[in-house]
Amino acid sequence: MKMPVLKMAALFFTVTFAVFAIVAKADDPYRFLTWNVTYSIIYPLGVPQQGILINGQFPGPEIYCVTNDNLIINVYNSLDEPFLISWNGVQNRRNSYVDGVYGTTCPIPPGQNYTYILQVKDQIGSFYYYPSLAFHKAAGGFGGIRILSRPLIPVPFPEPAGDYTFLIGDWYKSNHTDLKAILDGGHKLPFPDGVLINGRGPNGASLTFEQGKTYRLRISNVGLHNSLNFRIQGHKMKLVEVEGTHTLQSTYSSIDVHAGQSCSVLVTADQPPQDYYIVVNTRFTDPVLTTTGVLHYSNSNSPVSGPIPGGPTIQIDWSLNQARSIRTNLTASGPRPNPQGSYHYGMINTTRTIRLANSAGQVNGKQRYAVNSVSFVPADTPLKLADFFNIGGVYHVNSISSSPTGGGIYLDTSVLQADYRAFVEIVFENNEDIVQSWHLNGYAFFVVGMDGGQWTPASRDQYNLRDAVSRSTTQVYPSSWTAIYFALDNVGMWNLRSEFWARQYLGQQLYLRVYTGSDSLRDEYPIPKNAILCGRAIGRHTRPL
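Per mature numbering (1 follows the signal peptide of the UniProt record, and there is no 0), the sequence shown runs over residues -26 to -1, 1 to 519.
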């Protein structure tokens, strides 16, 4: 990067800091990051392909922060096409303008930069960031986000000897541009070519443990499609956190991590000193793709040996029972000193039920995916900007039904209206024969129930209304349903989507418009002064903060 550009960036940081201090507490620390996004040739599966790197790294640099930190991330787009980064699980309280998806944020043009201003308000846990435009996620550009508890807030387990991030995911040898062309041509993607651990193929990733010590592993499934199973040869894993919620500390020999999900486990080096396989494989697929890494004991002289340890097979019941066993640790503190269980979600009456059913089919001879029969098409202007500038005709409120229609798939820019401070039940209904994975930007929700068959009001009798886990991504098994509860306490335009990237790209997503007529900063921050404007918003003027 040329020196004049860096000087301009420093000046911009100074101005941004002063402006943002109006709406953020002065005693919450600031962390300044500068990222340069570039193309480079990478070899994750042994063949050359075009990758997306951040500061020369694949995967990108990890974000380390503490509850309530303000993140000032200046992103330079050195690609030859527009680019956006979104923050999977980071809730962007009252500020969907910087959510980093096209429904809320204009892309960063080639050769230009944009500074994201985020606050990890009242959050802890393991998350990740990713590129949200085009099919960039298939080329990289993702990295881990680690939000630590403040020093005075107790964590419900002893401090581990080390803390490691594992970004796992299925992968293609083809360039992301070729994969995008397949989808644009109206076809389904082929089966992936392999699975990566931290951007590396078989035996490419490794870590070292000292005998007798316990370590924390943060695992995120950043892949494009498949549920994955994670395990370590000869070792048990104690689950302690999922996407910002401390869990009951159940022990597993392996754990399923579905597309878009993140979790933390504790692993103790309590086995004989040698090297062991770290294994990740696809779930519910034929064939099964498997990759390995190496866990090395510091006092070991023996390499990995023997067959790769097997994991669960294709059965759904095993995974469903494991998912039901994941519960909130009600005695643990969250990002604040009060116990996590002090919010009695099970004693609040829901004010609305939304039922969402996914489907697949053809529209005009091309492959599409839908929610309640609507296959999402992006508008010519980000929806949030259309709201702010009162630009008509960009989208229509409630352009998608709040329950399945049973009709054929059609195209629209689907936006579902919801009232601020309502307490909502969403039921995801999956009538297809694959596992689905759903993510809601800007929110964490309580996963109150999941089961096979058709959901009915009587299904509520089996809901967990006491210690259901709170997270931002949930799976729905084949011919099954999953129900969630959450409070609409975050005003904005929020993306609700499939975490199967080809499906969201071809329409399996919508936007939840959480609306209030209030102009108070307590409810929503105004549009950032540095917002990029595009589409019909070009030439408009943002108001100062």
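No residue lacks a Cβ here, since even glycine has one placed at the ideal position from N, Cα and C. The model shown is predicted, which means the values in this text are computed figures rather than measured ones.
The DSSP-derived three-state label of Ile290 is helix.
Ranked by Cα distance from Ile506, the options Gly74, Pro35, Tyr146, Gly114 are led by Gly74.
Rounded to whole angstroms, the gap between the alpha carbons of Glu36 and Asn87 is 20 Å. Beyond the five residues adjoining it in sequence on each side, Ser333 comes within less than 6 Å, by CB distance, of Ala344 in the same chain, given in chain order.
Taking the Cα of Ser123 as reference, the smallest distance to any Cα among Gln289, Asp43, Ile47 is reached at Asp43.
The Cβ atoms of Ile28 and His110 lie no closer than 9 Å to each other. Counting along the chain, Ile26 sits inside the beta strand (DSSP E) bounded by residues 23 to 28.
The beta-carbon distance between Asn149 and Gln23, rounded to whole angstroms, is 5 Å. This is short enough to meet the 8 Å contact definition.
Per DSSP, the unbroken beta strand (DSSP E) holding Gln483 starts and ends at 483 to 489. For Phe402, the CB contacts under 6 Å within the same chain, skipping 5 residues up- and downstream, are Leu330, Trp412, Val450, Thr456 in chain order. In this structure, the beta-carbon distance from Gln223 to Pro130 falls below 9 Å. The distance from the Cβ of Ser347 to that of Gly381 is about 5 Å, consistent with a contact at the 8 Å cut-off. Secondary structure in the stretch 41 to 97: the beta strand (DSSP E) runs of 3 residues or longer, each lying completely within the stretch, are 44 to 51, 59 to 62, 87 to 93 in chain order.
DSSP places Lys340 within a strand segment (E or B) once states are collapsed to three. By the Cβ-count criterion, Glu133 is exposed, with fewer than 16 other Cβ atoms from all chains shown falling within 10 Å of its own Cβ. Ser492 and Pro502 have their alpha carbons spaced roughly 18 Å apart. Secondary structure note for Tyr479: its alpha helix (DSSP H) is the uninterrupted segment 475 to 479.
Val49 has its alpha-carbon roughly 11 Å from the corresponding atom of Phe6. Burial is judged here by how many other beta carbons sit within 10 angstroms of a residue's own beta carbon; Pro281 has fewer than 16 and is exposed. Contact between Ile252 and Ala179 holds: their C-beta atoms lie close to 7 Å from each other, under 8 Å. For Phe362, the enclosing alpha helix (DSSP H) covers residues 357 to 362. For the options Asn338, Tyr459, Thr387, the alpha carbon positioned closest to that of His161 is the one of Asn338.
Within 10 angstroms of the beta-carbon of Asp354 lie fewer than 16 other beta-carbons, which makes it exposed.
Annotated as distal: Glu184 and Tyr250, with beta-carbon spacing of 9 Å or more.
Looking from the CA of Ser228, the closest CA among Gln483, Asn203, Pro247 belongs to Asn203. Distance from the CA of Arg68 to the CA of Val262, rounded to the nearest whole angstrom, comes to 42 Å. When Asp152, Gln391, Tyr4 are compared, the shortest CA-CA separation from Tyr489 is found for Gln391. Its Cα nearest to that of Tyr226, the residue Gln207 stands out among Thr219, Gln207, Asn273. The straight-line gap separating the alpha-carbon atoms of Val254 and His232 is approximately 12 Å. Contact check for Gln235 against Val216 passes: the beta carbons are separated by less than 9 Å. A residue is called buried once 16 or more other Cβ atoms fall within 10 Å of its Cβ, and Gln289, having fewer, is exposed. Between the stretch 384 to 399 and the stretch 458 to 470 there are three or more inter-stretch CB-CB distances shorter than 8 Å, so the stretches are counted as touching. In the DSSP assignment, Lys162 falls outside any alpha helix (DSSP H) and carries neither an H nor an E.
Boundaries of the beta strand (DSSP E) around Thr265: 264 to 271. Secondary structure at Tyr138: strand, using DSSP grouped into helix, strand and coil. Taking a cut-off of 8 Å on C-beta distances, the stretch 136 to 147 touches the stretch 163 to 176, as three or more cross pairs fall below it.
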